[in-house]
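Quick notes on the structure that follows.
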Amino acid sequence: LSVSKNSWTNNALGLEWLKHFDAHTRAQTVGAHRLLIVDGHKSHSSHEFHKHCEEEKIIVLCMPAHSSHLLQPLDVGCFSPLKRAYSDEISGLARYSSKQIKKEAFLPAFKAAFERLITKENIYAGFRGAGLVPHNPEAVILKLDVV
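Heads up: the sequence shown begins at 1 in full-length UniProt numbering, then just goes up one per residue.
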């Protein structure tokens, strides 16, 4: 896709990503519209982004702020466990090294954690945990910390 000079996403990159999504999902569309669920990042709320969605019959649903850890399947089933597994890998390296862990150790540690955690089973578990498949809104509601 694309990158920015400062590594931050922006409206132009958001629009490029949307066009990539559009091109790769159009042929698989069942019905007239597609649903795109996004977080509240400003790159998903530009005029150009929404104009493209309207023209291409893409319905945009924006999740509430600070809810991706409950609602996004990969956050629920993969990324959170991956973060813990990567931390465990680095902790293991640190235990056996008297020196600071070097950048070169990042990829092998990340690869080991990734291969252990990014599995079909965990992806399915993410959709289940987010209450999407099977449809179960209670799976999310019960996790909310509300009074």
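Each residue gets a CB set at the ideal place from its N, CA and C atoms; glycine is no exception.
If you draw a straight line from the alpha carbon of Leu142 to that of Ser67, how long is it in whole angstroms?
14 Å
Is it buried or exposed for Cys62, if we count other Cβ within 10 angstroms and need 16 for buried?
With fewer than 16 other Cβ atoms from the protein chains shown falling within 10 Å of its own Cβ, Cys62 counts as exposed.
Would you grab the beta carbon distance between Asn122 and Cys78 for me? Rounded to a whole angstrom, and I think it's under 8 Å.
5 Å
Can you tell me whether Glu104 is buried or exposed, with buried defined as 16 or more other CB within 10 angstroms of its CB?
Under this definition Glu104 is an exposed residue.
To which residues of the same chain is Phe110 closer than 8 Å at the C-beta, ignoring the five residues directly before and after it?
Tyr86 and Glu89
Considering Cα atoms alone, identify which of Ala139, Ile58, Arg116 and Gly92 is closest to Gln28.
Ile58
Please report the distance separating the alpha-carbon of Pro108 from that of His33.
The alpha-carbon atoms of Pro108 and His33 are separated by roughly 42 Å.
Quick one: give me the first and last residue of the alpha helix (DSSP H) that Cys53 is part of.
His47 to Glu55
Since Arg84 is in the beta strand (DSSP E), which residue starts that stretch and which ends it?
Here Arg84 belongs to no beta strand (DSSP E); instead the alpha helix (DSSP H) covers Ser80 to Arg95.
Around the C-beta of Gln100, are 16 or more other C-beta atoms found within 10 angstroms, so that it is buried, or is it exposed?
exposed
Please classify Val133: does DSSP put it in a helix, a strand, or coil?
Val133: coil per DSSP, three-state reduction.
Give the C-beta separation of Lys130 and Leu70 to the nearest angstrom, bearing in mind that I take them to be a contact with Cβ-Cβ under 8 Å.
First, the amino acid is wrong: residue 130 is Ala here, not Lys. So it is a contact: roughly 7 Å between Cβ atoms.
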